[in-house]
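For the sequence shown, full-length UniProt numbering assigns the number 1 to the initial residue and increments by one for each residue that follows. Here is the structure we will look at.
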Amino acid sequence: MTLRLHEYVEKESFNHPYTFVAAQTGLDEKTVRDIFNARAEFLGRWHRFEMPRILGIDELYLNKRYRCILTNIEERTLLDLLATRRQDVVTNYLMKLKDRQKVEIVSMDMWNPYRAAVKAVLPQARIVVDKFHVVRMANDALERVRKGLRKELKPSQSRTLKGDRKILLKRAHEVSDRERLIMETWTGAFPQLLAAYEHKERFYGIWDATTRLQAEAALDEWIATIPKGQKEVWSDLVRAVGNWREETMTYFETDMPVTNAYTESINRLAKDKNREGRGYSFEVMRARMLYTTKHKKKAPTAKVSPFYKKTIGYGLPDFAEELNYGVDLSTISRIQLRSATLAYAA
1 MTLRLHEYVE KESFNHPYTF VAAQTGLDEK TVRDIFNARA EFLGRWHRFE
51 MPRILGIDEL YLNKRYRCIL TNIEERTLLD LLATRRQDVV TNYLMKLKDR
101 QKVEIVSMDM WNPYRAAVKA VLPQARIVVD KFHVVRMAND ALERVRKGLR
151 KELKPSQSRT LKGDRKILLK RAHEVSDRER LIMETWTGAF PQLLAAYEHK
201 ERFYGIWDAT TRLQAEAALD EWIATIPKGQ KEVWSDLVRA VGNWREETMT
251 YFETDMPVTN AYTESINRLA KDKNREGRGY SFEVMRARML YTTKHKKKAP
301 TAKVSPFYKK TIGYGLPDFA EELNYGVDLS TISRIQLRSA TLAYAA
C-alpha cells in the first residue's frame, strides 16, 4: 500500500463507514478498520488539553447508554467523553488530569455521582447546577398538568392540546400574538393549567435576579405559593432544588453566566457521527467526535522586550507547543447552520 493511499484511508475512515472506504479503495474492510484503530490509538496517546477555569460535566446518550462529557465552558469546547457516568470512573479520570487545581468552577446537571467526584478531586472548585437542567423540570411539571386534563377532553380536543404543547412551554415574552390567543383558549377553559403556566413562569423569573440574596428570596416565595392542589405536580422540582440548593444558588455568585448550553452542539455532533457509522463501539464514536472536528488552539503568549528593535529575536515566542482547548463547538454550529441554509435554498 502506498503512503498516499494509507493517509487517504486514515482520513476517510474517520468520516465514513468502513464499508464505504473499502469499496472506494478496493481494500478489505478489516484493513480499513485496522488503519482506523491504529490512527485512533496514536491520536489518543497525544490527546491533551488545557485545563479550563470553568469545567462543564454533562451527559450524552450514545449507543443506548448515558456517557459523561467534559467541556471548557469559557472556550466553548469539547474536552473528552467517558464511557460511563459512574462515580469511580469520573473520579479516576479527574485524578489523572494535569493542572486540575486550575479549575475554579464546575457546572453540572443534578447527578449526584458527579458532585461526589468533584468534591473528592477538585475541592477548590465551586459547583454550579446548570440552570437549563433545573428550569426544564418546571416544564416537566407543566406537562404533567396538561396531560392530566386529557380525561376531561374529547379525543379531538386532546390531540389539539397535544399539538399546542410547545406554546405552553415557551416563555411568556416569546409567545406571538397568534400563539397567545391559542394559549388563552386553553388557560381560560382550564384554570389549573393557567395556574401551572404562571407558576412555571415565576420559576424561570428566579434567574432574573441579580444577586444571590434576591434569588434566595424569590425561590422561597415560589415554594410557598405553589398553586392549590398542585403540590404533588411540583414535588420533584421542590425536592431537587432542596437537595441542590447551594449549587443552584451559587449560579448568582459567579463572574459570568455558567451553563452547559453548548451541550446541544455536542448532541448534534454525536448524532452526525452515529449516522455516519451505526453500530460502532463507544471507542470508535469517541475517536470520531474528538479527532475529526477542528480544535481550538492558541499559541503561547510572547514576551516582548522594550528593547525589541535592539535585541534580535527577543520578542519571538519560544518554539512551544500550541495550547489545545479542545473541539471547537462554535465551528460545529456554523457548519450545521450553513448546511441547513444550503438545504433550504435547494
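Cβ coordinates follow ideal geometry from the N, Cα and C atoms, glycine included. This structure is a prediction, so every number in the text was calculated from the model and none was measured.
How about residue i and residue j: do their beta carbons lie closer than 9 Å?
i       : j       : result
Tyr-61  : Asp-80  : no
Tyr-262 : Ile-73  : yes
Arg-136 : Pro-113 : no
Ala-215 : Ile-206 : yes
Leu-193 : Leu-168 : yes
Val-241 : Ile-226 : no
Leu-82  : Leu-97  : no
Ala-138 : Phe-203 : yes
Val-327 : Leu-27  : no
Would you report the Cα separation of residue i and residue j, rounded to the nearest angstrom?
i       : j       : result
Leu-213 : Glu-10  : 56 Å
Leu-5   : Arg-115 : 47 Å
Met-51  : Phe-20  : 37 Å
Asn-267 : Thr-2   : 37 Å
Phe-36  : Glu-7   : 10 Å
Val-90  : Val-32  : 32 Å
Asp-99  : Lys-131 : 27 Å
Ala-224 : Val-233 : 14 Å
Asn-63  : Phe-282 : 7 Å
Ile-105 : Leu-122 : 9 Å
Trp-75  : Lys-228 : What sits at residue 75 in the sequence shown is Glu, not Trp. Whole-angstrom Cα-Cα distance: 45 Å.
Ser-330 : Ala-172 : 29 Å
Lys-170 : His-133 : 16 Å
Asp-58  : Thr-84  : 11 Å
Lys-303 : Glu-322 : With a pLDDT of only 48 at Lys-303, under 50, the local geometry of the prediction cannot be trusted, and no value is derived from it.
Can you tell me which of the options puts its alpha carbon nearest to the alpha carbon of residue i?
i       : options                            : result
Arg-159 : Lys-147, Lys-170, Leu-169          : Lys-147
Thr-259 : Ile-54, Pro-17, Thr-25             : Ile-54
Arg-65  : Ala-138, Asp-328, Lys-294, Ala-270 : Ala-270
Ala-117 : Leu-323, Met-95, Val-238, Pro-17   : Met-95
Asn-15  : Glu-322, Leu-290, Leu-323          : Leu-290
Trp-111 : Trp-222, Glu-221, Arg-150, Gly-56  : Gly-56
Ala-218 : Arg-245, Tyr-18, Thr-84, Asp-236   : Arg-245
Asp-164 : Glu-12, Gln-24, Thr-185            : Thr-185
Arg-67  : Glu-29, Gln-101, Asp-109           : Asp-109
Leu-153 : Arg-180, Phe-190, Arg-178, Glu-179 : Phe-190
Gly-44  : Thr-210, Thr-292, Asp-28           : Thr-292
For the beta strand (DSSP E) that contains residue i, what are its first and last residues?
i       : result
Val-135 : Counting along the chain, Val-135 falls outside any beta strand (DSSP E), though it belongs to the alpha helix (DSSP H) covering 131-148.
Asn-72  : 65-72
Gln-326 : Per the sequence shown, the amino acid found at residue 326 is Gly instead of Gln. That run of the beta strand (DSSP E) goes 323-328.
Met-108 : 105-108
Thr-77  : 77-82
Leu-62  : 54-62
I'd like the span of the alpha helix (DSSP H) that includes residue i, first residue to last.
i       : result
Thr-292 : Segment: none, Thr-292 is in no alpha helix (DSSP H) and carries neither H nor E.
Met-183 : 177-189
Tyr-114 : 112-121
Ile-35  : 29-45
Ile-167 : 165-169
His-6   : 3-13
Leu-213 : 212-224
When you compare the CB of residue i with every CB in chain D, is at least one pair closer than 9 Å?
i      : result
Ile-73 : No chain D appears in the structure shown, which is made up of a single protein chain.
Is the stretch 122-133 in contact with the stretch 248-265, if contact means three or more CB pairs nearer than 8 Å?
Using a Cβ-Cβ distance cut-off of 8 Å, the stretch 122-133 and the stretch 248-265 are in contact, since at least three pairs of beta carbons, one from each stretch, lie closer than that value.
Three or more C-beta pairs below 8 Å linking the stretch 34-45 and the stretch 277-292
With contact defined as three or more Cβ pairs closer than 8 Å, the stretch 34-45 and the stretch 277-292 are in contact.
Counting pairs of beta carbons, one from the stretch 192-210 and one from the stretch 139-146, are three or more of them closer than 8 Å?
Contact between the stretch 192-210 and the stretch 139-146 is present, because at least three Cβ pairs lie under 8 Å.
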